[in-house]
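Enquirer: FYI, numbering that gives the first Met the number 0 numbers position 88 of the sequence shown as 87, with every residue one higher than the one before it.
Just so you know, even glycine gets a beta-carbon here, dropped at the ideal spot from N, CA and C.
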Amino acid sequence: MRAVIKRQLETLLVRTVGARVSRRRGRALVLAYHNIVPNGERARGELSLHLPQHAFGEQLDFIRAEFDVVPLHSITRPRPAGACDAVAITFDDAYRGAMTAGVDELARRGLPATVFVAPAFVGGRTFWWDMLASRRGALDDARRIRLLDELRGDQETILARARADDWPVDEELPAHARVATEAELAAAVARGITLGAHSWSHPNLARLGAAELAHQLDAPLPWLGARFGSAVLPWLAYPYGSNSADVRLAAARAGYEGALAIAGGWHRPAEPPRHAIPRLNVSAGLSLDGFVLRAAGVLT
Numbered sequence: 000m001r002a003v004i005k006r007q008l009e010t011l012l013v014r015t016v017g018a019r020v021s022r023r024r025g026r027a028l029v030l031a032y033h034n035i036v037p038n039g040e041r042a043r044g045e046l047s048l049h050l051p052q053h054a055f056g057e058q059l060d061f062i063r064a065e066f067d068v069v070p071l072h073s074i075t076r077p078r079p080a081g082a083c084d085a086v087a088i089t090f091d092d093a094y095r096g097a098m099t100a101g102v103d104e105l106a107r108r109g110l111p112a113t114v115f116v117a118p119a120f121v122g123g124r125t126f127w128w129d130m131l132a133s134r135r136g137a138l139d140d141a142r143r144i145r146l147l148d149e150l151r152g153d154q155e156t157i158l159a160r161a162r163a164d165d166w167p168v169d170e171e172l173p174a175h176a177r178v179a180t181e182a183e184l185a186a187a188v189a190r191g192i193t194l195g196a197h198s199w200s201h202p203n204l205a206r207l208g209a210a211e212l213a214h215q216l217d218a219p220l221p222w223l224g225a226r227f228g229s230a231v232l233p234w235l236a237y238p239y240g241s242n243s244a245d246v247r248l249a250a251a252r253a254g255y256e257g258a259l260a261i262a263g264g265w266h267r268p269a270e271p272p273r274h275a276i277p278r279l280n281v282s283a284g285l286s287l288d289g290f291v292l293r294a295a296g297v298l299t
């Protein structure tokens, strides 16, 4: 019932105020997606991360009509006077669904996007949060916090704990919920997608010691560059959005030109530090009206 009321309110807001929101404020917005579920397939895992393909296409149509969709590396540039606000599209985790169905939708509209890759997972691996959330569609918030803090968001440590404590672990997630292969990443690059780093193996960077942090930040770009060349950007998306002053300083020292959080929203290009750029995390549970209101900055 609450979800129905929420959607009705979002529809009313779109009809009354959404159309009057100015799109020419000199602002920038980075959208954060995760997976795209191909038409005809069923979402599995942490459901908030797995957006249906048709819904993704509708969202792309809205932002293409209302904003300037720009490559990520240009999002920090000031907007010309009178220009539409700028939007950049990003994906975390390099899910296979994003690299296939998601790239199909982007290519159909000629839109750029950047995908952040954790190389340790490339080749069909699955993520712990999808494996643990699959039965209910979401992890318990308290358990998630403990796993990110006490176990540092580390895949192998978390799965070892889960099996030792007899937690349900889904080992049979569908292909679209697995990480893309090198060949699938190369196919996406051939269609105009750029790649960035999502650490080496997706831990909570804010919980690592100096040596581990350095490895997680130093290793991804050479690996990506050796395989995908000029399609690789020296940009970082913090795993889980987790960072700290020490992590941001380490990212700058590692040579990243920019680094992205997972929360925030609209900003002016000159406002946030380049290693703490906000994003709007797009949940798969958003209605199109809800997306319109958040992308327009009416709701956060």
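Alpha carbons only, please: which of 225, 25, 256, 230 is nearest the one belonging to residue 236?
Expert: Here the closest residue by C-alpha is 256.
Enquirer: Is the stretch 246-253 close to the stretch 222-232, with three or more CB pairs under 8 Å?
Expert: Segments in contact, no.
Enquirer: Report all residues from its chain with a CB closer than 8 Å to the CB of residue 260; omit the five preceding and five following residues, and keep chain order.
Expert: Excluding residues within five positions, the ones whose Cβ falls inside 8 Å are 237, 240, 242, 275, 276, 277, 278.
Enquirer: Taking only the alpha-carbon atoms, compute the straight-line gap between residue 293 and residue 52 and give it to the nearest angstrom.
Expert: Looking at the two C-alpha atoms, the distance is approximately 19 Å.
Enquirer: Identify the residues that DSSP records as bridge partners of residue 237: which are they?
Expert: Looking at the DSSP assignment, residue 237 forms no beta bridge with any residue, so it has no partner.
Enquirer: Since residue 85 sits in a beta bridge, which residues does DSSP pair it with?
Expert: For residue 85, which the question treats as bridged, DSSP gives the partners 27, 67.
Enquirer: Buried or exposed for residue 73, going by 16 or more other Cβ atoms inside 10 Å?
Expert: Exposed, because fewer than 16 other Cβ atoms sit within 10 Å of the Cβ of residue 73.
Enquirer: Can you check which of these residues, 127, 33, 83, 75, is closest to residue 295 by C-alpha distance?
Expert: Per the Cα distances, 83.
Enquirer: Using 8 Å as the threshold, is the C-beta distance between residue 232 and residue 71 below it?
Expert: In contact: residue 232 and residue 71 (Cβ atoms closer than 8 Å).
Enquirer: Buried or exposed for residue 129, please, with buried defined as at least 16 other CB atoms from any protein chain shown within 10 angstroms of its CB.
Expert: Label assigned to residue 129: buried.
Enquirer: For the beta strand (DSSP E) holding residue 113, just list the boundary residues, first then last.
Expert: First-last of the beta strand (DSSP E) with residue 113: 113-116.
Enquirer: To the nearest angstrom, how far is it from the Cα of residue 54 to the Cα of residue 80?
Expert: For residue 54 and residue 80, the distance between alpha carbons rounds to 32 Å.
Enquirer: In the DSSP assignment, the beta strand (DSSP E) including residue 196 goes from what residue to what residue?
Expert: Counting along the chain, the beta strand (DSSP E) containing residue 196 begins and ends at 193-196.
Enquirer: Write down the C-beta distance between residue 195 and residue 222 rounded to the nearest angstrom, noting that I regard them as a contact closer than 8 Å.
Expert: Contact doesn't hold; Cβ gap of about 12 Å is too wide.
Enquirer: Cβ of residue 114 within 8 Å of Cβ of residue 187?
Expert: Contact: yes.
Enquirer: Leaving out the 5 sequence neighbours to the left and right, which residues in its chain are closer than 7 Å to residue 156 when beta-carbon positions are compared?
Expert: Counting only Cβ-Cβ distances below 7 Å, and skipping sequence neighbours, we find 150.
Enquirer: Within the same chain, show all residues whose beta-carbon is closer than 8 Å to that of residue 3, passing over the 5 residues directly before and after it, in chain order.
Expert: Any reading at residue 3 must be qualified, since the residue scores a pLDDT of 46, below 50, and its modelled position is unreliable; the value itself is stated next. Correct list: empty, nothing qualifies.
Enquirer: Pull up the DSSP beta-bridge partners for residue 49, would you.
Expert: In the DSSP output, where bridge partners are listed per residue, residue 49 has 34.
Enquirer: Name the residue from 212, 25, 133 whose alpha carbon lies nearest to the alpha carbon of residue 85.
Expert: Cα-wise, what sits closest to residue 85 is 25.
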